[in-house]
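**Q** Shown below is the structure under consideration.
Protein chains: 2
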Amino acid sequence: MATGRTHRPATRSRGIPEATVARLPLYLRALTALSERSVPTVSSEELAAAAGVNSAKLRKDFSYLGSYGTRGVGYDVEYLVYQISRELGLTQDWPVVIVGIGNLGAALANYGGFASRGFRVAALIDADPAMAGKPVAGIPVQHTDDLEKIIKDNGVSIGVIATPAGAAQQVCDRLVGAGVTSILNFAPTVLSVPDGVDVRKVDLSIELQILAFHEQRKAGEETAGEEAVTASVPKNTPKGPDGDVPVVMPA
Amino acid sequence: MATGRTHRPATRSRGIPEATVARLPLYLRALTALSERSVPTVSSEELAAAAGVNSAKLRKDFSYLGSYGTRGVGYDVEYLVYQISRELGLTQDWPVVIVGIGNLGAALANYGGFASRGFRVAALIDADPAMAGKPVAGIPVQHTDDLEKIIKDNGVSIGVIATPAGAAQQVCDRLVGAGVTSILNFAPTVLSVPDGVDVRKVDLSIELQILAFHEQRKAGEETAGEEAVTASVPKNTPKGPDGDVPVVMPA
DNA sequence: CCATCTTTGTGCACGCGTTCACAAAGACAT
DNA sequence: ATGTCTTTGTGAACGCGTGCACAAAGATGG
């Protein structure tokens, strides 16, 4: 799962729980697939299986949105697609800028999952003058100098940062200064933003490290019979997959 | 057969909370930066600020690892780097394969954050015969036919899936069949894996949708109730969640 | 050696999220 | 209409994570 932070303090009034919001896109994807197969209705059990969650959780999630189901039948697929889309704000157009058109930025620009959800890549921005004008995913890259103007001209409120770590905070400050209030950060840095600005971060390295932790524990479990806790220097030598280290081939 | 989440129910022995594990890489990154600046010790307050978390939370996190701090002084940076690295299993070499060398796969192959954390890209695999042999990030792409052999020859236990959604489950099955027990999934699909296999997913589109939800709510807040005149500064949030802005630019 | 000061480590309370289990609601057949 | 059957919506219990607040531990200075 992606490591997002900056959760809000439980929106007071008509608050949909943050955990529920995070699952709505999951339901929406499953529902869209059903819709394309012209399935008219779906039960909480079926939909939950398709989305990979518990059915009770799914029903509770939907209960925050309203009573959109029919007892004894299930949920109307089309209607639910619409309701969730509306709740997530996907019925409107969201212009997005991507800053930092390296490998990752280019991959993001080419990513098809954006356009299909109401997100439109309004501009690509990079600090390298050599990139300026060069088309990526059919969109010409523009220079960082024009960042503020681009944001304002396009009414952009969501920015994606795919720059190196060193440039991220500076880019972030300029985005916020120009009016961006939501940021998706791919740079491995903690961003400081004023109140009212949302930041979600995706860190590939962190995800791998979490996997490594579990992987190590799995490997240790096999060899661990009974262990006295000595609390300091466990000579844990998991005879894991690195028994034979072939050749380290630097990139 | 489990679907998607393979949650570990706090196994008997050394149960470090999942939430803590997810933050360890964050601390490690901050500590590494301090180490490079030859800072000998750091207090929980300083380190917490650098990692963007609450200091009490950080101390509690560390308490699960052991008592590595010195009261009145703080934590020894080098020692803590080692302890966290060991806990995360980063002191050993983790060969990783990336399947699906499109835009995203290529970006991942080029990502520098892997090698610096003990992860080694052992192989790149793609289904397109035209890609075979072509070097990406200095590593020749190999064909899917050889997937099983590559996994076994290199002792790979962590796989990264960057294929289109349609191919993801099939690739996943083959990876698991060949011995992979941890998967990082970038395809927008719910993967079914047997018990004992961990799956983490990163979905770019979902992150944007969550941002859109909050963005829409912000926009709605302004028009409801009284008008917020001065642009971007909203009403005070009762408490600072994580978004506190200490902006520590340490000397 | 004692006093004071700093910072860790943690007991405790609170709130959010998850899950169970079941009554209410509606469809459908007779 | 009435009974049966299916599935939703939710009250309630539980567990995990978070943050406060403070005592314990060690450093430091006199």
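Same order as they appear, the protein sequences are chains G and W.
Residue 12 in the UniProt record's numbering sits at position 12 of the first sequence, and the numbers go up by one each step.
Residue 241 in the UniProt record's numbering sits at position 241 of the second sequence, and the numbers go up by one each step.
All C-beta atoms in this analysis are idealised placements derived from N, C-alpha and C, irrespective of residue type, glycine included.
All figures in this text were calculated on a predicted structure; none of them were measured in a lab.
#1: Counting only beta-carbon atoms, is Gly15 (chain W) nearer than 8 Å to chain G?
#2: Per DSSP, what are the beta-bridge partners of His143 (chain W) in this structure?
#3: Starting from Val96 (chain W), trace the beta strand (DSSP E) both ways and give me its first and last residue.
#4: Taking one C-beta from the region 86 to 100 of chain W and one from the region 114 to 132 of chain W each time, how about it: are there three or more such pairs within less than 8 Å?
#5: Taking 8 Å as the threshold (beta carbon to beta carbon), is Asp61 (chain W) in contact with chain G?
#6: For a contact defined as C-beta to C-beta under 8 Å, what are the partners of Tyr27 (chain G) on chain W?
#7: Interface residues of chain G around Ala212 (chain W) at Cβ under 9 Å?
#8: Can you grab the Cα-Cα spacing for the pair Gln216 (chain W) / Pro129 (chain G), in whole Å?
#9: Assuming Ile84 (chain W) is part of the alpha helix (DSSP H), what are its boundary residues?
#10: Check the C-beta distance from Tyr27 (chain G) over to Leu47 (chain G) and give it rounded, since I have them as a contact under 8 Å.
#11: Does the region 195 to 203 of chain G come close enough to the region 201 to 214 of chain W to have 3 or more Cβ pairs within less than 8 Å?
#12: Quick check on the DSSP output: what are the complete beta strand (DSSP E) runs of length 3 or more inside the region 21 to 77 of chain G, in order along the chain?
#13: Taking the C-alpha atoms as reference points, what is the distance between Gly15 (chain G) and Lys60 (chain G)?
#14: Measuring CA to CA, which of W:Pro40, W:Pro188, W:Gly159, W:Arg86 is closest to Val21 (chain W)?
#15: Is it buried or exposed for Gly66 (chain G), if we count other Cβ within 10 angstroms and need 16 for buried?
#16: Is the beta carbon of Ile183 (chain G) closer than 8 Å to that of Gly159 (chain G)?
#17: How about Arg120 (chain W) and Pro140 (chain W): do their beta carbons lie closer than 8 Å?
#18: Within 10 angstroms of its Cβ, does Gly52 (chain W) collect 16 or more other Cβ (buried), or is it exposed?
#19: Given a cut-off of 8 Å on the beta-carbon distance, is the pair Gly196 (chain G) and Ala212 (chain W) in contact?
#20: With a threshold of 7 Å (Cβ to nearest heavy atom), would Ile125 (chain G) be considered close to the ligand COA?
#21: Quick check: what's the CA-CA separation for Cys172 (chain G) versus Gly69 (chain G)?
#22: Excluding the five sequence neighbours on either side, which residues of its own chain have a C-beta within less than 7 Å of the C-beta of Met131 (chain W), listed in chain order?
#23: For Val73 (chain W), count the other beta carbons within 10 Å of its own beta carbon; 16 or more makes it buried, fewer makes it exposed. Which is it?
#24: Gln83 (chain G): buried (16+ other C-beta within 10 angstroms of its C-beta) or exposed?
#25: Please confirm whether residue 256 (chain W) has its beta-carbon closer than 8 Å to some beta-carbon of chain G.
#26: Along the alpha helix (DSSP H) that carries Val171 (chain G), what are the first and last residues, could you check?
#27: Report back the beta-carbon spacing between Leu147 (chain G) and Arg117 (chain G) to the nearest angstrom; my notes put them in contact at under 8 Å.
#28: Under the assumption that Lys218 (chain W) contacts Thr91 (chain G) (Cβ atoms under 8 Å), give the Cβ distance between them as a whole number of angstroms.
#29: At a Cβ threshold of 8 Å, is Val42 (chain W) touching chain G?
#30: What's the call for Val229 (chain W), buried or exposed, on a 16-neighbour Cβ count within 10 Å?
**A** Looking at the coordinates:
#1: Here residue 15 (chain W) corresponds to residue number 15 of the second sequence, with the count starting at 1. Answer no: the Cβ-Cβ gap between Gly15 (chain W) and chain G never drops below 8 Å.
#2: The residue you call residue 143 (chain W) lines up with position 143 of the second sequence. Note: His143 (chain W) sits in a beta bridge opposite W:Asp126.
#3: Translated into positions along the second sequence, residue 96 (chain W) becomes position 96. Looking at the DSSP string, the run of the beta strand (DSSP E) that includes Val96 (chain W) is 94 to 99.
#4: Taking a contact to require three or more Cβ pairs closer than 8 Å, the region 86 to 100 of chain W and the region 114 to 132 of chain W qualify as touching.
#5: Walking along the second sequence from the start, residue 61 (chain W) turns up at place 61. Not one chain G Cβ lies under 8 Å of Asp61 (chain W).
#6: Walking along the first sequence from the start, residue 27 (chain G) turns up at place 27. Neighbours of Tyr27 (chain G) on chain W: none; closest Cβ ~11 Å, over 8 Å.
#7: Numbered from its first residue, the second sequence carries residue 212 (chain W) at position 212. Correct list: Leu88, Gly89, Leu90, Gln92, Trp94, Arg117, Gly118, Phe119, Ile158, Ser182.
#8: Position 216 of the second sequence, counting from 1, holds the residue named residue 216 (chain W). Position 129 of the first sequence, counting from 1, holds the residue named residue 129 (chain G). Straight-line Cα distance between these residues: approximately 35 Å.
#9: Locating residue 84 (chain W) in the second sequence gives position 84, counting from the first residue. In the DSSP annotation of this structure, the continuous segment of the alpha helix (DSSP H) that includes Ile84 (chain W) starts and ends at 77 to 88.
#10: Here the question's residue 27 (chain G) lines up with position 27 in the first sequence. Here the question's residue 47 (chain G) lines up with position 47 in the first sequence. Cβ-Cβ separation between Tyr27 (chain G) and Leu47 (chain G): approximately 7 Å, consistent with a contact (criterion under 8 Å).
#11: When Cβ pairs closer than 8 Å are counted between the two stretches, the region 195 to 203 of chain G is seen to touch the region 201 to 214 of chain W, the count reaching three or more.
#12: Counting only runs of 3+ residues, the beta strand (DSSP E) found wholly inside the region 21 to 77 of chain G occupies 74 to 76, in chain order.
#13: Along the first sequence, one-based indexing puts residue 15 (chain G) at 15. Along the first sequence, one-based indexing puts residue 60 (chain G) at 60. Roughly 14 Å between the two C-alpha positions.
#14: By one-based count along the second sequence, residue 21 (chain W) stands at place 21. Per the Cα distances, W:Arg86.
#15: Locating residue 66 (chain G) in the first sequence gives position 66, counting from the first residue. Exposed, because fewer than 16 other Cβ atoms sit within 10 Å of the Cβ of Gly66 (chain G).
#16: One-based indexing of the first sequence puts residue 159 (chain G) at position 159. One-based indexing of the first sequence puts residue 183 (chain G) at position 183. Yes, these two residues count as a Cβ contact at 8 Å.
#17: Indexing the second sequence from 1 puts residue 120 (chain W) at position 120. Indexing the second sequence from 1 puts residue 140 (chain W) at position 140. Cβ atoms of Arg120 (chain W) and Pro140 (chain W): not closer than 8 Å.
#18: For the purposes of this step, residue 52 (chain W) is taken as residue 52 along the second sequence, with counting starting at 1. It counts as buried.
#19: Mapped onto the first sequence, residue 196 (chain G) falls at position 196. Mapped onto the second sequence, residue 212 (chain W) falls at position 212. No, the Cβ-Cβ distance between Gly196 (chain G) and Ala212 (chain W) is not below 8 Å.
#20: You won't find the ligand COA in this model; it holds no ligand whatsoever.
#21: Here the question's residue 172 (chain G) lines up with position 172 in the first sequence. Here the question's residue 69 (chain G) lines up with position 69 in the first sequence. Computed Cα separation, rounded: 42 Å.
#22: The count along the second sequence starts at 1 and reaches residue 131 (chain W) at position 131. Once the five neighbours on either side are set aside, the close Cβ partners of Met131 (chain W) are Ile101, Val141.
#23: By one-based count along the second sequence, residue 73 (chain W) stands at place 73. Exposed is the label assigned to Val73 (chain W), since fewer than 16 other Cβ atoms lie within 10 Å of its Cβ.
#24: By one-based count along the first sequence, residue 83 (chain G) stands at place 83. Classification of Gln83 (chain G): buried, given that the 10 Å Cβ count is 16 or more.
#25: Here chain W comprises residues numbered 1 to 251, so residue 256 (chain W) is not present and cannot be evaluated.
#26: One-based indexing of the first sequence puts residue 171 (chain G) at position 171. 165 to 178 is the span of the alpha helix (DSSP H), which, as asked, contains Val171 (chain G).
#27: By one-based count along the first sequence, residue 147 (chain G) stands at place 147. By one-based count along the first sequence, residue 117 (chain G) stands at place 117. Incorrect: roughly 24 Å between the Cβ atoms, too far for contact.
#28: Along the second sequence, one-based indexing puts residue 218 (chain W) at 218. Along the first sequence, one-based indexing puts residue 91 (chain G) at 91. The pair is not a contact, with the Cβ atoms about 16 Å apart (cut-off 8 Å).
#29: In the second sequence, the residue the question calls residue 42 (chain W) occupies position 42. The Cβ of Val42 (chain W) sits no closer than 8 Å to any Cβ of chain G.
#30: Stepping through the second sequence from its first residue, residue 229 (chain W) is reached at position 229. Residue confidence for Val229 (chain W) is low, a pLDDT of 38 falling below 50, so the modelled location carries little weight and cannot support an answer.
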